[in-house]
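**Q** For what it's worth, my numbering labels the leading residue of the sequence shown as 504, then goes sequentially. Don't be surprised by glycine CBs; every beta carbon is placed ideally from N, CA and C. Quick one: structure below, then a few questions.
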Amino acid sequence: MLIRSRIQSRLAAGFFCIASPCIAFSAVAQSPTARRPVRANRLQSAIPPATSETSTASEASSGQDEGEALLQSIRVTGWLNTSAYRIPETKTATGTNTPLIDIPLSIQVIPDVVLRDQAAQTLADAVRNSPGISVNMGEGMRDEFYIRGVKTKSDFFVDGLRDDTEYVRDLYNISHVDVLQGPSALLFGRGGAGGLINLVSKQPERSHVLDISLEVGSWQHLRSTIDMGDAVGQSGAFRLLAMAEDSESFRDHYYLHRYALNPQYSIEPSERTRIDFSVSYLKDRRFVDRGIPSRDGVPVDVPRETFFGAPDQNLSTGVVKAFSTRFSHAYSDDLSLSNTFRISDADRVYLNTYPGSSVNDEGTFKMKGYYHPNNRLSYLDRLELINTFNTGSVNHTLMVGGDFSWQRDNDFQLLPSPDSKTVPGGRIPLANPEIAPVSFIYLDRDNHVVGKEFGVFVQDQMDFGEHWKALIGIRWDRFSVSADYYNPEVSPNHTYNLDTEWSPRAGLIYKPVENDSIYVSVTQTYTPQGANIALSRKDPKGANLDPEQATNVEIGNKLDLLDGKLSISAALFQLDLDDVVSKAADGSGDLVSTGKQRNRGFVLSTEGALTPKLSIFANYTHLNAEITETTKDADAGARVGLVPEKQFSLWTRYALNSHWGIAAGVRGESKKFTSYDNNVVLPKYVVGDLMAYYQTDNVRIQLNLNNVTDKHYFPTASSDNEIMPGTPRSLMMRVSTSF
């Protein structure tokens, strides 16, 4: 009885109840003389932390006298403490594991447990937890967002390396999603001024992991994931993550078939060295749906399931393969080196028809379409050297590094008519918006583009003592694009563009108390035009336009409360952009100049635990993004498309007891325009969601009811006449098991 009592008392210490039921994590009960089986890892600054949803130790046994029993490791299997609505530090912003409160920039870290509780299916679902982000429909086949009013379809990273292939990313192997706002060229090179999204993947660890989940839901939603791993020998570990999905939608004819596999292996040849390997494969086949057109400046009034296009033809298929390896070595407690290398190969075939004009008074509209296969091959490498040292009373964390990328695009497109995406045959009646398959026989482009980037950077994080910290750095980049045009109608048939740019960053933090920081920062970035315009058949000379330049000035406050369990952040910013290039509002895909742009805003966010049972993840944004210079394509004073002035998201979860819990969320936006011409408006909306769960140590059952009031709304678009209705009321059940 005494032994059992001691075991129970020590296991009780392995239960923690903040914003969730008391969930078991690994517990090891030992006598004071027992040796620890886990070796200390000295690479914490060089290796990103790994997470998983289960953790175990070995089984308990006893056979000695009750008074002097030596208790061996006890195996406790269960869910990881789901109170982790707040991750207090990240590497994304600074390249070193830095507490969020000590980063003079706006950054949100969205944990996988939040995504699980919300039943997030896509990256678009995930980023609604971050202020200042709105979703572009991405032509129905790729991730595309506006971050702080700046459009991006390429500022995506996986574990710090660029992942700018156009596809819809999956969350099955993601530990957390980091959203860094404002110019970020110092560490990441060329990119959009609004910010970037870094997906931090789950990593191998030397503990047993086996989680299996199954989701079923409205419109024949069916999805399953597996996460398994364990130690290998004395110094290795493996992890295998996989996903398969077969789903439909409330939209007519829609289907989604996708599966993914991500095996990983890591080895620590010594206490100071670690090598990681990862291979990923994603295949995606989906029905292409580009929404509905407008009429009289608003979305046309049709049932929200109505499809516009050729149902027997619209199709997107894609395969994304990647291999990455990371070497980390700590020469001492103060000096570490890491090198990360990634290869990715993406093939995509995109065949689509879609509404190409508004609906007129006679109730007819035009249809457009094209056939577009594309291949992108990327080689990327990044080297970092981190040294911590003191100069008098100032503590430094100095990072020096460089990166290189080589990317090749083969871009081919056919049209249904010469020099136009418009489908021949006249206007289509609104009463019958589905058409027969279209022939695509006219060559629009056959382009072969190679982009190269080389950058070097230096950054210093300085600690001046109890109250002051600073972050300064600068980067130099050389970016070149070489493009060949194999269409005889395009002249010149070759173009070359070279840009060299400096990207500085500076931030200052004042901490009146340990848990409060007031900061100001100034950052700059650039986006070469050649990377995008080289794909345009209209004007290859446009590749030589000046890069888009951006400067962000920001002042903010970050406050940690309740012993660090709750975080509140607020920031004011002004983002000025010059030489902005946008896609035409008519959905043609042509690029136009919108000149200068100024985005001013205020963001507020909070995440963590309010009480031991109540968790929260919330944000609010007030953003005025407008064009400040009249060009032949845009008017000064026009608002940037798809950027609402006001936007908010609130999600709370409450643990009723050790097994049951509930959650509720509400999200909404003020009205917004579909594009910079401000001719079509999407009405404001508010949508509510509910969740309930039951769990034991090994099983979790979760029910999500989204859009509780069945609100008919329009959250996103791709142009004035590609508008996507929001998902109606839907129900999903997820059953997860942990062994």
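1. Tell me whether G641 sits in a helix, a strand or coil according to DSSP, three-state version.
2. State yes or no: is the C-beta of D730 within less than 8 Å of the C-beta of T809?
3. Measure how close the beta-carbons of G976 and L689 come, nearest whole angstrom, since I'm counting them as under 8 Å.
4. Determine the closest residue to T1124 out of Q1198, I636, Q611, P766, with distance taken between C-alpha atoms.
5. Check for me: the beta strand (DSSP E) holding A622 runs from which residue to which?
6. Which of the three DSSP states is assigned to T554 in this structure?
7. As a quick exercise: from T1177, N898, S704, L1011, pick the residue whose alpha carbon is nearest that of V612.
8. Using 10 angstroms around the beta-carbon of Y873, count the other beta-carbons present and answer buried if the total reaches 16, otherwise exposed.
9. Could you tell me whether the region 725-742 touches the region 697-713, where touching means 3 or more Cβ pairs closer than 8 Å?
10. Kindly indicate which three-state DSSP category A1141 falls into: helix, strand or coil?
11. Can at least three beta-carbon pairs, one atom from the region 957-967 and one from the region 987-997, be found at a separation below 8 Å?
12. Consult DSSP for A596 and reduce its assignment to one of helix, strand or coil.
13. I688 lies in the alpha helix (DSSP H); which residues open and close that run?
14. Straight-line CA distance for L744 to S783?
15. For G732, write down the residues that DSSP places opposite it in a beta bridge.
16. If we count Cβ pairs, one from each stretch, closer than 8 Å, do we get three or more for the region 1001-1009 versus the region 971-986?
17. Rounding to the nearest angstrom, what Cα-Cα distance links G800 and N1182 in this structure?
18. Q737: buried (16+ other C-beta within 10 angstroms of its C-beta) or exposed?
19. Applying the 10 Å Cβ sphere with the 16-neighbour rule, what's the burial state of Y988?
20. In or out: H899 buried (at least 16 other Cβ within 10 Å) or exposed?
21. Just mark F967 as buried or exposed, buried being the case when its beta carbon has 16 or more other beta carbons within 10 Å.
22. Helix, strand or coil for A1121 per DSSP?
23. K1149 lies in the beta strand (DSSP E); which residues open and close that run?
24. Could you please give the first and the last residue of the uninterrupted beta strand (DSSP E) stretch that includes Q1027?
25. In chain order, what residues of the same chain have a beta carbon less than 6 Å from the beta carbon of S881, not counting five sequence neighbours either side?
26. Say whether the region 1187-1201 touches the region 1159-1173, bearing in mind that this needs 3 or more beta-carbon pairs closer than 8 Å, one atom from each stretch.
27. Can you give me the start and stop residues for the beta strand (DSSP E) that P814 sits inside?
28. With a Cβ-Cβ cutoff of 8 Å, do A622 and R1237 count as a contact?
29. Which same chain residues end up closer than 8 Å to G598 when comparing Cβ atoms and leaving out the 5 residues on each side of it in sequence?
30. Helix, strand or coil for R885, going by three-state DSSP, please let me know.
31. Flag this pair as touching only if the region 1170-1190 and the region 667-687 have three or more C-beta atom pairs under 8 Å; answer yes or no.
32. Let me know if W971 comes out buried or exposed under the rule of 16 or more other beta-carbons within 10 Å of its beta-carbon.
33. Counting Cβ pairs, one atom from each stretch, are 3 or more of them under 8 Å apart for the region 1064-1080 and the region 1097-1117?
34. Is I1130 near Y1179, with beta carbons less than 8 Å apart?
35. Would you kindly work out how many angstroms separate the C-alpha atoms of D821 and D666, rounded to a whole number?
36. From the DSSP output, read off the bridge partner residues of H1215.
**A** Answer, in terms of the structure:
1. Indexing the sequence shown from 1 puts residue 641 at position 138. Of the three classes helix, strand and coil, the one that applies to G641 here is helix, per DSSP.
2. Taking the first residue of the sequence shown as 1, we reach residue 730 at position 227. Taking the first residue of the sequence shown as 1, we reach residue 809 at position 306. No, these two residues do not count as a Cβ contact at 8 Å.
3. Position 473 of the sequence shown holds residue 976. Position 186 of the sequence shown holds residue 689. Their Cβ separation, rounded to whole angstroms, is 5 Å, which keeps G976 and L689 in contact under 8 Å.
4. The residue labelled residue 1124 in the question sits at position 621 within the sequence shown. Of the candidates Q1198, I636, Q611, P766, the residue whose Cα lies closest to the Cα of T1124 is I636.
5. Taking the first residue of the sequence shown as 1, we reach residue 622 at position 119. From DSSP, A622 is part of no beta strand (DSSP E); its letter is neither H nor E.
6. As a position in the sequence shown, residue 554 is number 51, starting the count at 1. Interpretation of T554 is limited by its pLDDT of 37, a score under 50 that renders its predicted location unreliable; no figure is taken from the coordinates.
7. Taking the sequence shown and counting its residues from 1, the one referred to as residue 612 is at position 109. Nearest of T1177, N898, S704, L1011 to V612, Cα basis: S704.
8. Residue mapping note: residue 873 aligns to position 370 of the sequence shown, counting from 1. Y873 comes out buried.
9. yes
10. Position 638 of the sequence shown, counted from the start, is the residue given in the question as residue 1141. When secondary structure is reduced to three states using DSSP, A1141 falls in the coil class, being assigned neither helix nor strand.
11. no
12. To locate residue 596, count along the sequence shown from 1; it is residue 93. Coil.
13. Taking the first residue of the sequence shown as 1, we reach residue 688 at position 185. The residue you asked about is not Ile; residue 688 is Ala in the sequence shown. Run containing A688: 688-691, per the alpha helix (DSSP H) assignment.
14. To locate residue 744, count along the sequence shown from 1; it is residue 241. To locate residue 783, count along the sequence shown from 1; it is residue 280. Approximately 9 Å between the Cα atoms of the pair.
15. Position 229 of the sequence shown, counted from the start, is the residue given in the question as residue 732. For G732, which the question treats as bridged, DSSP gives the partners V712, R742.
16. yes
17. Taking the first residue of the sequence shown as position 1, residue 800 is located at position 297. Taking the first residue of the sequence shown as position 1, residue 1182 is located at position 679. So the two alpha carbons sit approximately 6 Å from each other.
18. In the sequence shown, residue 737 corresponds to position 234, counting from 1. Burial call: exposed.
19. The residue given as residue 988 occupies position 485 in the sequence shown. By the neighbour-count rule (16 or more Cβ atoms within 10 Å), Y988 is buried.
20. Position 396 of the sequence shown, counted from the first residue, corresponds to residue 899. Exposed, by the Cβ-count rule.
21. Within the sequence shown, numbered from 1, the residue matching residue 967 stands at position 464. F967 should be labelled exposed.
22. Looking up residue 1121 in the sequence shown gives position 618. A1121: strand per DSSP, three-state reduction.
23. Locating residue 1149 in the sequence shown gives position 646, counting from the first residue. K1149 -> beta strand (DSSP E) spans 1149-1158.
24. For the purposes of this step, residue 1027 is taken as residue 524 along the sequence shown, with counting starting at 1. Counting along the chain, the beta strand (DSSP E) containing Q1027 begins and ends at 1019-1030.
25. Here residue 881 refers to the residue found at position 378 when the sequence shown is read from its first residue. These residues qualify, in order along the chain: S847, Q910.
26. yes
27. Stepping through the sequence shown from its first residue, residue 814 is reached at position 311. Here P814 belongs to no beta strand (DSSP E), and DSSP marks it neither H nor E.
28. The residue you call residue 622 lines up with position 119 of the sequence shown. The residue you call residue 1237 lines up with position 734 of the sequence shown. Yes. Within cutoff.
29. The residue you call residue 598 lines up with position 95 of the sequence shown. Answer for G598: G663, L690, E887, I889, M902, G904, Q962, listed in chain order.
30. Locating residue 885 in the sequence shown gives position 382, where the first residue counts as 1. In this structure, R885 counts as strand in the three-state DSSP scheme.
31. no
32. To locate residue 971, count along the sequence shown from 1; it is residue 468. W971 should be labelled exposed.
33. yes
34. Here residue 1130 is taken as the residue at index 627 of the sequence shown, counted from 1. Here residue 1179 is taken as the residue at index 676 of the sequence shown, counted from 1. Yes, the Cβ-Cβ distance between I1130 and Y1179 is below 8 Å.
35. In the sequence shown, counting from the first residue as 1, residue 821 sits at position 318. In the sequence shown, counting from the first residue as 1, residue 666 sits at position 163. As written in the sequence, residue 821 is Gly, which differs from the Asp given in the question. Looking at the two C-alpha atoms, the distance is approximately 15 Å.
36. Counting from 1 along the sequence shown, the entry for residue 1215 is found at position 712. Answer by DSSP bridge pairing: none, since H1215 is not bridged.
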